[in-house]
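Participant: Below you will find the structure I want to go over with you.
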């Protein structure tokens, strides 16, 4: 039923009040942060410099020795203000909720504003004390270096003369100033999103809701409008499936063994009923588990997999042979991804599928499999309860697989080599049978994609969509020690980049001709579910989505000379990137480890499958300051010690200037696309070109 005009006006007034409040509050909060107390009102150069969000920035231009000396004090001070900052954000959210309530409560709102004033003052006091403590330990020359850094950072966020009447901070046109301003934004947002307050940002949890609230508040504060009609969110219906007891895998026959859950195997079920039981099923090795008629390959050709448990290798034959004529050679194809293998086993009627884990071809260690599969699992809601999926899905360690094959009188390595040769036939594992059981609690729930947009002025139905996933792995209740997976790099950095990009686009002197969309998706860690939901239920037509630019885990080790394109050689968006990197004197390089299949492991992939040209790039490793070997060490250290682990936490000493340069590249590409009539295409021979070409009429 249409809303009466009076109701629409009231709703509009409420929204306008909320936006005004958010913008004003953002300006106040930023003025509170850091607070260099001796900055004088009659010094215009200081008045135009935004005080950075933590004392790490004061130390940025000092010598390495001095940074080391003062680092502990800076970190202690930074930690000391965390509780006050969290209280201030909670007070702000309470104010926002009361303003948005249908029933206006004057007394409650007055008290909420009073609490916001109190918490803001507490935070201001602590921030000033922290800053004074550090400044007191600096020499006059070092204090001058700190203020020079602030001066280079550009004019204040709360300027009154932003484009189109918005309350925005215009960017300094100098590259260093723009880079530093974006780096500060990334620090600010990443610190908040990766804090313990947000509890690891798991979907359908308190931490997930805090994340959604923060993103909607921040998009509104910079002036980006709601991207889904009058709403900043798109509901994503999900089902959370949690094992109530440890799943059981029991082999019988020649291999009488029950591999230990988490250390030797992980299994589960995405079906929405419980218990799920597979009893005494024949075990068959089906090589890579691929059915690709266009490539003349079918590992299921000589076996009826119905009701059986299939053992499958990770990756694809191209990786195993390094033959450039076989699949894509060393570069993983879609057929090498675990999700494809699960889907194909289900199509073949298998009762269970067990993938043999090997770190090289998988691209990650067993700890990643364990962390990702042993907690609550989230799937998209389905009317059929996911009955089309295989009842049991899971992984075996390499050691368990070796023992299994040896018990059957077979050599795992020999069969693996045979499986990489065209014409391979499936091999039953003798008299070995598998019985599996999974008992789960199934809970229907929902999460939200967050969508903000800048409407196109002349072609609003044509859109450029930036994406980043806001979710991470949440908390593990029964874990000793640090039980929060904060996901600072993965992907608080990318989510912060979305907010920075919205601000960059809004600072342009004229609105874009095409609509620019900022889409923060949920449940990426559960299998790219949020982006899958969006693509299947698009707000902006897929056929006239010009391009997708995705950000996932930004560089935290400073400026680099290279930028890596994941899935290099895919689309004309790489030509746009080639033009953009010239101003930064950088080079484009293909991903160094295409066998790990990163192209299929982030949210751009769902857009690509739907035909939308997609760009997924990331800062490289060739550090301008320390060289490529050092950069490789940083990257490998993160993957080995912090990726999908509690150690992925925010560090105020990160150098995010390199990530900021990446964000500026994405802005340049998106801004160019938003103001031209060209439609970038997939390169000839790309697997997604046919899908895109089928909708060409919508773009003519």
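Residue numbers (my numbering): 302 to 1001. Even glycine gets a Cβ: it sits at the ideal position worked out from N, Cα and C. Note that the coordinates shown come from a computational prediction; the quantities given were computed from them, not determined experimentally.
Just curious, the alpha helix (DSSP H) that residue 429 is in, first and last residue?
Facilitator: 407-437 is the extent of the alpha helix (DSSP H) around residue 429.
Participant: Can you list, in chain order, the residues of its chain with a C-beta nearer than 6 Å to that of residue 998? Leave out the 5 residues immediately preceding and following it.
Facilitator: No residues qualify anywhere along the chain.
Participant: Rounded to a whole number of angstroms, what is the C-alpha to C-alpha distance between residue 476 and residue 877?
Facilitator: Taking the straight line from one Cα to the other gives about 19 Å.
Participant: For a quick check, are the C-beta atoms of residue 920 and residue 861 less than 8 Å apart?
Facilitator: It is a contact, given that the beta carbons lie within the stated cut-off.
Participant: Mapping the DSSP letters down to three states, classify residue 770 as helix, strand or coil.
Facilitator: Three-state result, residue 770: strand.
Participant: Rounded to a whole number of angstroms, what is the C-alpha to C-alpha distance between residue 612 and residue 667?
Facilitator: Using only the alpha carbons, I get a separation of about 17 Å.
Participant: Considering residue 557, what are the terminal residues of the beta strand (DSSP E) in which it resides?
Facilitator: Taken as a continuous stretch (DSSP letters only), residue 557 belongs to no beta strand (DSSP E), as it is neither H nor E.
Participant: Using only alpha-carbon positions, find the residue among 816, 893, 911, 789 that is nearest to residue 857.
Facilitator: When each option's Cα is compared against that of residue 857, the closest is 789.
Participant: If you draw a straight line from the C-alpha of residue 890 to the C-alpha of residue 870, how long is it?
Facilitator: If you take the alpha carbons of residue 890 and residue 870, they lie about 10 Å apart.
Participant: Ordered along the chain, which non-local residues of its own chain (more than five positions away) have a Cβ less than 7 Å from that of residue 887?
Facilitator: Closer than 7 Å at the Cβ level, and outside the excluded window around residue 887, lie 862, 863, 864.
Participant: For residue 689, count neighbouring Cβ atoms within 10 angstroms of its own Cβ and tell me buried if that reaches 16, exposed if not.
Facilitator: Classification of residue 689: exposed, given that the 10 Å Cβ count is below 16.
Participant: Bridge partners of residue 1002, per DSSP?
Facilitator: As shown, the chain starts at 302 and ends at 1001. That puts residue 1002 outside it, with no answer to give.
Participant: Spell out a yes or no on whether the region 431-450 and the region 920-936 are touching, meaning 3 or more CB-CB pairs, one atom from each, closer than 8 Å.
Facilitator: Judged by Cβ distances under 8 Å, the region 431-450 makes no contact with the region 920-936, as fewer than three pairs qualify.
Participant: Name the two residues that bound the continuous beta strand (DSSP E) containing residue 634.
Facilitator: Per DSSP, residue 634 belongs to no beta strand (DSSP E) and is neither H nor E.
Participant: What would DSSP say about residue 936, mapped onto helix, strand or coil?
Facilitator: Reduced to three states, the DSSP call for residue 936 is helix.
Participant: Helix, strand or coil: how does DSSP classify residue 989 here?
Facilitator: Residue state, collapsed to three classes: coil.
Participant: Skipping 5 residues on each side, what residues in its chain have a beta carbon closer than 7 Å to that of residue 671?
Facilitator: The residues are 563, 567.
Participant: Tell me whether residue 811 sits in a helix, a strand or coil according to DSSP, three-state version.
Facilitator: Three-state DSSP puts residue 811 in coil, outside helix and strand.
Participant: CA-CA distance, residue 756 and residue 517?
Facilitator: Rounded to whole angstroms, residue 756 to residue 517 spans 17 Å at the Cα level.
Participant: State the CB to CB distance for the pair residue 827 and residue 912, rounded to an integer number of angstroms; the pair is presumed to be in contact (CB under 8 Å).
Facilitator: That pair is no contact at about 24 Å.
Participant: What is the C-beta distance between residue 498 and residue 511, in whole angstroms, given that I count them as a contact (C-beta under 8 Å)?
Facilitator: Confirmed, about 7 Å.
Participant: Give the single residue among 818, 593, 669, 926 whose Cα lies nearest to the Cα of residue 752.
Facilitator: Per the Cα distances, 818.
Participant: Secondary structure at residue 980, three-state DSSP: helix, strand or coil?
Facilitator: Note: residue 980 maps to coil in three-state DSSP.
Participant: Which residues share a DSSP beta bridge with residue 776?
Facilitator: Its beta-bridge partners are 785.
Participant: On the DSSP bridge list, what partners appear for residue 752?
Facilitator: In the DSSP output, where bridge partners are listed per residue, residue 752 has 820.
Participant: Could you tell me if residue 897 is buried or exposed, where buried requires 16 or more neighbouring beta carbons within 10 angstroms of its beta carbon?
Facilitator: The residue is buried, with at least 16 neighbouring Cβ atoms inside 10 Å.
Participant: Please state whether DSSP places residue 389 in a helix, a strand or coil.
Facilitator: In the structure shown, residue 389 sits in a helix (DSSP, three-state: H, G or I).
Participant: Residue 919 bridges to which residues according to DSSP?
Facilitator: In DSSP, residue 919 forms a bridge with 865.
Participant: Buried or exposed for residue 983, going by 16 or more other Cβ atoms inside 10 Å?
Facilitator: With 16 or more other Cβ atoms within 10 Å, it is buried.
Participant: State the DSSP-derived secondary structure class of residue 968, mapped to helix, strand or coil.
Facilitator: Helix at residue 968.
Participant: Since residue 715 and residue 545 should fall inside the 8 Å C-beta cutoff, what is the C-beta to C-beta distance between them, to a whole number of angstroms?
Facilitator: Actually they are not in contact, since the Cβ atoms of residue 715 and residue 545 sit about 40 Å apart, beyond 8 Å.
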